[in-house]
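Enquirer:
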Amino acid sequence: MKISSLGVVVHKTVSVCPVCLENIGASVVLRSDEYFFKKKCPEHGAFSTVVWRGKSPSYEQWGAGYTPRDVKSDCPRGCGLCSRHLQKTCCALVEVTRRCNLSCPICFAESISGHFASGSGKAAHSAHFGQLRDSGRNSTSKLGVQSSLNLPPDLSGGDAELPVGELFEIFKSLAAKGNTFVQLSGGEPTVRDDLPEIIAAARAAGCENIQLNSNGIRLGSEPLYTKKLKDAGLSFVFMQFDGTRDDAYLKLRGEALLDVKCAAIDICGENLIGVTLVPTVVPGVNDDNIGDIIKFGLERSPAVRGVHFQPVSYFGRYPHEPSNEDRITLPEILRAIEVQTNRKFSMSDFVPSACDHPRCGFHGDFVVLPGSRVMKLTKRASSSCCDDDDAHLKNRKFVARRWKRAEDVGKAVGKDADFQDMDTFLSRVKSHGFTITAMAFQDAYNLDLERLRRCSLHVAQGGRLIPFCANYLD
Amino acid sequence: MDTGRIKCVLCNEGLVQKKTLFEYMGRNFSHEVPCCPKCGKVFIPPELAEGRMAEVEEQLEDK
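Now the structure itself:
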């Protein structure tokens, strides 16, 4: 352990310069209960980014049991899963469009707004979009691997989209390698009228679990379209859900969206499409709403299958270069869950990511019982080790089990039902399983290549599978 | 299952169905299983072990 003039160095790793993206050494330094990611580029100077706040749990505890590996490879340069990558693909993300029916100030995919025929209010919105100032980073790749880290040529033109037939070939290629869990992403995938055909193509290609990443606007506005997605074979939806109050949507998305989100949950519920709520947590915007978001989800179980928190990351499009006050870290979300749910959930109900690097996220597994009660299933000791060779397969089975709606919705039970009874438990866990999870994506400021090497969420791009945070790095 | 036809190897008593509490994978579950009315030992039929109990194990398996 090295004590520097600015704190205690608890970890050394490799990162990139956020300006030129050249690899540089980085240290995690503890100072006054906060852990900072510190690095210095010979050309662009020093950078310090908070990555962990508080010692309950501490940065060291959360990574306990994980054996760090030397980062000697040249990743993320040329990234596209080389032999040095330490995790297999759990889920393959396929971008089906760059268009979007929103123009959010923050968007990892830098989606293009205003191309959705049935969208509304875009003219007023575009002014706000235009005010976003460039963070000073060059928009072209600095990694020398333009084809692997940017959109493939056929999507780089903006509106151009891969036709269903070409997407089918991608799905077929993924499924042939055992990658049968796909996320359809964008942009906003529901801007495509042929999304049902895309889902059917993924099914026909052999994909078993098809997740749709969506803001829910069209799902909540067009019930027939949503039903078509289900009929085509959609498994579940990851729905952007920033809060139970419209002020969060106005700040983050530029529009009041709560009503349409609620409608989307109802319509997906009627069609037995599981919905997981995905809040982007931004300090000062919705970090005080974490408990209410969970309560909202629990009240809508079994239609809602869980909540997946994503601390805001600064890649793609964002309004300005982030300060440390613009960041929220995983332990802060854990503590907020405990405090804001009046300790209905406690930090001990959650364990680190097993499928990715432990400091990439957490998860807790629950069953919603009648009368606003929950049964807690996650046990710290039983959590699988991240070094398991089949962690990606375990994770895939787990999320499919929890995030899919059971076709048999389970028999109605009273609040006095005996959930120790094996049959009653099995019926309930299948119908009312509920997960609370989080994933902290990395940006150029806090990218830890050790974490990147354990990523199991990969973007299918140009015939390669690229770890999510490498794909959207610049 | 006609549990009465299965006898306890220790007591030679015919087994009877009885709701029994199990500790399994760190949790408590109850289920009716054939039980010796004299010594209380239970018999876990293969169809239970490979059916319901395997399902419970699968549901409790962490990611």
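Protein chains in written order, with this note's numbering: chain A, 16 to 489; chain B, 688 to 750.
Even glycine gets a Cβ: it sits at the ideal position worked out from N, Cα and C.
#1: Comparing the C-beta of residue 419(A) with each C-beta of chain B, is any distance below 7 Å?
#2: Please report the distance separating the alpha-carbon of residue 318(A) from that of residue 124(A).
#3: Using a Cβ cut-off of 7 Å (strictly closer), state whether residue 713(B) contacts chain A.
#4: Check the Cβ-Cβ distances between residue 435(A) and every residue of chain B, and say whether any is below 7 Å.
#5: Using the Cα positions of residue 698(B) and residue 288(A), report the straight-line distance between them to the nearest angstrom.
#6: What does residue 447(A) pair with, by DSSP beta-bridge criteria?
#7: At which residue ranges does the segment 319-354 of chain A contain complete beta strand (DSSP E) runs of 3 or more residues, listed in the order of the chain?
#8: Taking the straight line between their C-alpha atoms, what separation do you get for residue 92(A) and residue 445(A)?
#9: Can you name, in chain order, every residue of its own chain whose Cβ lies under 6 Å from the Cβ of residue 379(A), other than the five neighbours on each side?
#10: May I have the straight-line CA-CA distance separating residue 235(A) from residue 66(A), to the nearest angstrom?
#11: Going by the DSSP bridge assignment, what does residue 715(B) pair with across the sheet?
#12: Residue 230(A) and residue 104(A): beta carbons closer than 7 Å?
#13: Under 8 Å Cβ-Cβ, which residues of chain A neighbour residue 743(B)?
#14: DSSP on residue 749(B), reduced to helix/strand/coil?
#15: Quick check: the Cα distance between residue 21(A) and residue 46(A), rounded to an integer number of angstroms?
#16: Roughly how many whole angstroms lie between the Cα atoms of residue 33(A) and residue 39(A)?
#17: Report the neighbours of residue 378(A) on chain B: residues whose CB is nearer than 9 Å to its CB, in chain order.
#18: Using only alpha-carbon positions, find the residue among 739(B), 750(B), 744(B), 730(B) that is nearest to residue 705(B).
#19: Starting from the C-beta of residue 277(A), find all residues in its chain whose C-beta is less than 8 Å away, skip the five residues before and the five after it, and write them out in chain order.
#20: Taking 7 Å as the CB-CB limit, is residue 730(B) close to chain A?
#21: Taking 6 Å as the line, does the beta carbon of residue 222(A) fall inside it for any heavy atom of the ligand GTP?
#22: Taking the alpha-carbon positions, what's the residue 60(A) to residue 35(A) distance?
#23: Can you say whether residue 191(A) is buried or exposed, counting buried as having 16 or more other CB atoms within 10 angstroms of its CB?
#24: Taking residue 413(A) as the query, report the chain B residues whose CB atoms sit under 8 Å from its CB, ordered along the chain.
#25: Just verifying my parser: in three-state terms, what is the DSSP assignment at residue 256(A)?
#26: I'd like to know if residue 369(A) contacts chain B, where contact means its C-beta is closer than 7 Å to some C-beta of that chain.
#27: Go through its chain and collect everything with a Cβ distance to residue 78(A)'s Cβ below 7 Å, but skip five positions before and after it.
#28: With DSSP as the reference, please indicate the residues paired to residue 107(A) in a beta bridge.
#29: For residue 239(A), which of 315(A), 335(A), 465(A), 279(A) has the nearest alpha-carbon?
#30: Report the residue from 713(B), 700(B), 738(B) whose alpha carbon sits nearest the alpha carbon of residue 726(B).
#31: Report all residues from its chain with a CB closer than 6 Å to the CB of residue 716(B); omit the five preceding and five following residues, and keep chain order.
#32: Tell me whether residue 283(A) is buried or exposed, calling it buried when 16 or more other Cβ atoms sit within 10 Å of its Cβ.
#33: Quick one: list the residues of chain B neighbouring residue 206(A), beta-carbon separation under 8 Å, in chain order.
#34: Given a cut-off of 7 Å, decide if residue 328(A) and residue 407(A) are closer than it, judged by their beta-carbon atoms.
#35: Give the interface partners of residue 393(A) over in chain B, defined as CB-CB distance under 7 Å, in chain order.
Expert: On the basis of the supplied data:
#1: Along the first sequence, read from residue 1 onward, the residue named residue 419(A) stands at position 404. With a threshold of 7 Å between beta carbons, residue 419(A) makes no contact with chain B.
#2: Start at 1 with the first residue of the first sequence, and residue 318(A) comes out as number 303. Start at 1 with the first residue of the first sequence, and residue 124(A) comes out as number 109. The straight-line gap from Cα to Cα measures roughly 27 Å.
#3: Counting from one through the second sequence, the residue named residue 713(B) turns up at place 26. For residue 713(B), the answer is yes, since a Cβ of chain A falls inside 7 Å of its Cβ.
#4: What you label residue 435(A) is simply residue 420 of the first sequence in a count that begins at 1. So yes, residue 435(A) belongs to the interface.
#5: Position 11 of the second sequence, counted from the first residue, corresponds to residue 698(B). Position 273 of the first sequence, counted from the first residue, corresponds to residue 288(A). Distance between the alpha carbons of residue 698(B) and residue 288(A): 53 Å.
#6: Mapped onto the first sequence, residue 447(A) falls at position 432. According to DSSP, residue 447(A) bridges with nothing at all.
#7: Runs found: 319-326.
#8: Here residue 92(A) refers to the residue found at position 77 of the first sequence. Here residue 445(A) refers to the residue found at position 430 of the first sequence. When only Cα atoms are considered, residue 92(A) and residue 445(A) end up about 43 Å apart.
#9: Against the first sequence, residue 379(A) aligns to sequence position 364. Cβ contact annotation for residue 379(A) (same chain, cutoff 6 Å, sequence separation greater than five): 364, 365, 393, 451, in chain order.
#10: What you label residue 235(A) is simply residue 220 of the first sequence in a count that begins at 1. What you label residue 66(A) is simply residue 51 of the first sequence in a count that begins at 1. Answer to the nearest angstrom: the Cα atoms are 36 Å apart.
#11: Residue 715(B) sits at position 28 when you count from the first residue of the second sequence. In the DSSP assignment, the residues bridged to residue 715(B) are 710(B).
#12: The count along the first sequence starts at 1 and reaches residue 230(A) at position 215. The count along the first sequence starts at 1 and reaches residue 104(A) at position 89. No, the pair does not count as a contact, with Cβ atoms beyond the cut-off.
#13: Numbered from 1 along the second sequence, position 56 holds the residue referred to as residue 743(B). By Cβ distance, chain A contributes 437, 440, 441.
#14: The count along the second sequence starts at 1 and reaches residue 749(B) at position 62. Correct three-state label for residue 749(B): coil.
#15: Taking the first residue of the first sequence as 1, we reach residue 21(A) at position 6. Taking the first residue of the first sequence as 1, we reach residue 46(A) at position 31. Taken atom to atom, the span from the alpha-carbon of residue 21(A) to that of residue 46(A) is near 7 Å.
#16: Stepping through the first sequence from its first residue, residue 33(A) is reached at position 18. Stepping through the first sequence from its first residue, residue 39(A) is reached at position 24. Residue 33(A) and residue 39(A) have their C-alpha atoms some 10 Å from each other.
#17: Mapped onto the first sequence, residue 378(A) falls at position 363. For residue 378(A), the chain B residues whose Cβ falls inside 9 Å of its Cβ are 749, 750, in order along the chain.
#18: Taking the second sequence and counting its residues from 1, one reaches residue 705(B) at position 18. With distances taken between Cα atoms, residue 705(B) lies closest to 730(B).
#19: Locating residue 277(A) in the first sequence gives position 262, counting from the first residue. Within its own chain, the residues whose Cβ lies closer than 8 Å to the Cβ of residue 277(A), once the five positions on either side in sequence are excluded, are 235, listed in chain order.
#20: Locating residue 730(B) in the second sequence gives position 43, where the first residue counts as 1. Chain A, which has no Cβ nearer than 7 Å to the Cβ of residue 730(B), makes this no.
#21: Summarising the ligand content, the structure contains no ligands, and the ligand GTP is consequently not present.
#22: Against the first sequence, residue 60(A) aligns to sequence position 45. Against the first sequence, residue 35(A) aligns to sequence position 20. In a straight line, the C-alpha of residue 60(A) is about 11 Å away from that of residue 35(A).
#23: Locating residue 191(A) in the first sequence gives position 176, counting from the first residue. Residue 191(A) is exposed by the Cβ-count criterion.
#24: The residue you call residue 413(A) lines up with position 398 of the first sequence. In chain order: 748, 749, 750.
#25: Taking the first residue of the first sequence as position 1, residue 256(A) is located at position 241. Under the three-state reduction of DSSP, residue 256(A) is assigned to coil, being neither helix nor strand.
#26: Residue 369(A) sits at position 354 when you count from the first residue of the first sequence. Yes, contact with chain B.
#27: The residue labelled residue 78(A) in the question sits at position 63 within the first sequence. Sequence-distant partners of residue 78(A) (beyond 5 residues in either direction) whose C-beta falls short of 7 Å from its own C-beta, in its chain, are 373, 374.
#28: Along the first sequence, read from residue 1 onward, the residue named residue 107(A) stands at position 92. DSSP links residue 107(A) through a beta bridge to 197(A), 473(A).
#29: Numbered from 1 along the first sequence, position 224 holds the residue referred to as residue 239(A). Of 315(A), 335(A), 465(A), 279(A), the residue nearest in Cα terms is 279(A).
#30: The residue given as residue 726(B) occupies position 39 in the second sequence. Of all alpha-carbon atoms in 713(B), 700(B), 738(B), the one lying nearest the alpha-carbon of residue 726(B) is that of 700(B).
#31: Taking the first residue of the second sequence as position 1, residue 716(B) is located at position 29. Here the set comprises 709.
#32: Residue 283(A) sits at position 268 when you count from the first residue of the first sequence. Per the 10 Å Cβ criterion, buried.
#33: By 1-based counting over the first sequence, the position of residue 206(A) is 191. What residue 206(A) touches in chain B: nothing, since even the nearest Cβ is about 32 Å away.
#34: To locate residue 407(A), count along the first sequence from 1; it is residue 392. To locate residue 328(A), count along the first sequence from 1; it is residue 313. Residue 407(A) is not a Cβ neighbour of residue 328(A), given a cutoff of 7 Å.
#35: As a first step, residue 393(A) must be located in the first sequence, where it is residue number 378. 749, listed in chain order.
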